[in-house]
DNA sequence: ACACTATTGACACCCGGTGTCATGAATGAC
DNA sequence: GTCATTCATGACACCGGGTGTCAATAGTGT
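Residue numbers (our numbering), protein chains in the order written: chain A, -6 to 194; chain B, -6 to 194.
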């Protein structure tokens, strides 16, 4: 009876080490930039060896953008929770409320924005980020397809992927506009404005 | 009178070496995959040293996706050539005719498709590809913004980026659908179907 | 106290990428 | 034709991200 919860102590210390590592790394990134900070330095600053760092994160990129792996699942879950007869575009907008809450949350905001800048500041990292987002989109495409009035004729329908991709494009655009406007108006409004540009047939 | 054309012999041999390198590399990539092929191997197969390889391509990725740098300029140029009073969505569709021609060209098709598979087969490469495409999009956003009936009120308008992003999402979706349907119907039809899903306000 | 297991660091190694330098070939001037 | 310049090349050493291996050690259960 030493293990009440499936992942206990070991797992918990692991999480601790990871968060410690990320905070230390963030400071270094903000200080001298992502690419000019070596894994050796991060590891040393956290009091461990490079080899051990790679036991906590599969890569240097993963330290920054690894968290987006859960993001996809959360979106998929949220989409499943929407009523089946709701127009897809509306469903997607509601699903993005997850992002809205996350982005507008005062508590995590400062750190998020910092990370956002780090990601945009490195081509390497930005590339990885976009790839992750593509993976996230793939999780949604199937679900959108099943909600679409299928036109049996066409062999493979490009529309589900187009709709999901367009929705993500709106979110990216909204996020960028929001960041560049110094958050004058709520992010939700930016997103609404972007998504209202399109009427989905 | 040894130099009729601004870039002659030197530049020409350079191009030759580059194409030689790419064909050799493609063969190796198709044989054992992108990531399992080292730059040393590519260079050796082309009869040169690794150091020389990097004088022809700035990176291993660049050998595969470097060509997309020109792509952005061509799209921007094509967009500039569209009538100013044409609806943007229509303009973008017409601009994408460049891609349509390229994709459907029988001569380059086999090689393109091979490259496409290589790119999709490597997370690393795919990430870089997406990043390049984002850069391409950035070239178009400003132009779209200037064509949009501007609503002076909003500080920074998310719509231009959203529109361009959505258009690219349509192109990606169409390309994927076309590839997966074994090119039964023309690519242009896939693209039309994807883009007709949206009405841009 | 003992055995077992997970974590760690040290080390060697691979690969992508860069700086440096000496060699050598093509080019141009005389 | 000779000489000097210029550019491409290869060899080499190096950096940083990432992995495999192994021995030492710490934590845990009995």
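Ideal Cβ positions, reconstructed from N, Cα and C, are used throughout, including at glycine.
### Message
Taking beta-carbon pairs under 7 Å, can you tell me which members of the segment 108 to 139 of chain A lie near chain B?
### Response
Those would be 116, 119, 120, 121, 123, 124 and 127, in chain order.
### Query
Is there a Cβ from chain B that is less than 7 Å from the Cβ of residue 180 of chain A?
Output row for residue 180 of chain A: interface = no.
### Task
Answer yes or no: does any C-beta atom of chain A fall closer than 7 Å to that of residue 11 of chain B?
Residue 11 of chain B does not count as touching chain A.
#### Entry: Under the three-state DSSP convention, the category residue 194 of chain B falls into
The answer is coil: DSSP assigns residue 194 of chain B none of H, G, I, E or B.
### Message
Measuring straight from C-alpha to C-alpha, what distance separates residue 77 of chain A and residue 88 of chain A?
### Response
Between residue 77 of chain A and residue 88 of chain A, the C-alpha separation is close to 13 Å.
### Query
In angstroms, rounded to a whole number, what distance separates the CA positions of residue 13 of chain B and residue 2 of chain B?
Using only the alpha carbons, I get a separation of about 16 Å.
### Query
Listed from N- to C-terminal order along the chain, which residues in the segment 36 to 67 of chain B have their beta-carbon within a distance smaller than 8 Å of any beta-carbon of chain A?
Correct list: empty, as no residue qualifies.
### Backbone secondary structure at residue -3 of chain B - three-state DSSP
Summary for residue -3 of chain B: the model assigns pLDDT 35, below 50, so the residue's position carries little reliability, and this model does not support an answer.
### Message
Which residues in chain B have a C-beta closer than 9 Å to the C-beta of residue 169 of chain A? List them in chain order.
### Response
Within chain B, the residues placing a beta-carbon under 9 Å from that of residue 169 of chain A are 149, 151 and 154, ordered along the chain.
### Query
What residue does the alpha helix (DSSP H) around residue 113 of chain A start on, and which one ends it?
Residues 99 to 114.
### Query
If residue 155 of chain A sits next to residue 181 of chain B, beta carbons under 8 Å apart, how far is it from one beta carbon to the other, in whole angstroms?
Their Cβ separation, rounded to whole angstroms, is 15 Å, which puts residue 155 of chain A and residue 181 of chain B out of contact at 8 Å.
#### Entry: Rounded C-alpha distance that separates residue -5 of chain B from residue 36 of chain A
In this prediction, residue -5 of chain B has a pLDDT of 35, which is less than 50 and means its spatial position is unreliable; nothing more can be read from the coordinates.
### Query
With DSSP run on the structure shown, which of helix, strand or coil describes residue 85 of chain A?
Three-state result, residue 85 of chain A: helix.
### Query
Listing by chain order, which chain A residues have their CB less than 7 Å from the CB of residue 88 of chain B?
Residues of chain A passing the Cβ test: none, with the nearest at roughly 16 Å.
### Query
Checking contacts by CB at 7 Å: is residue 187 of chain B closer than that to chain A?
Chain A contact via Cβ: present.
### Query
Straight-line CA distance for residue 72 of chain B to residue 97 of chain A?
Each residue's CA atom was taken as its position, placing residue 72 of chain B and residue 97 of chain A some 36 Å apart.
### Simplified DSSP assignment, three categories, for residue 24 of chain A
Residue 24 of chain A carries a helical assignment under DSSP once its states are collapsed to helix, strand and coil.
### Inter-stretch contact at 8 Å, needing at least 3 Cβ pairs: the segment 125 to 139 of chain A / the segment 134 to 143 of chain B
Under the 8 Å Cβ criterion, the segment 125 to 139 of chain A does not count as touching the segment 134 to 143 of chain B, having fewer than three qualifying pairs.
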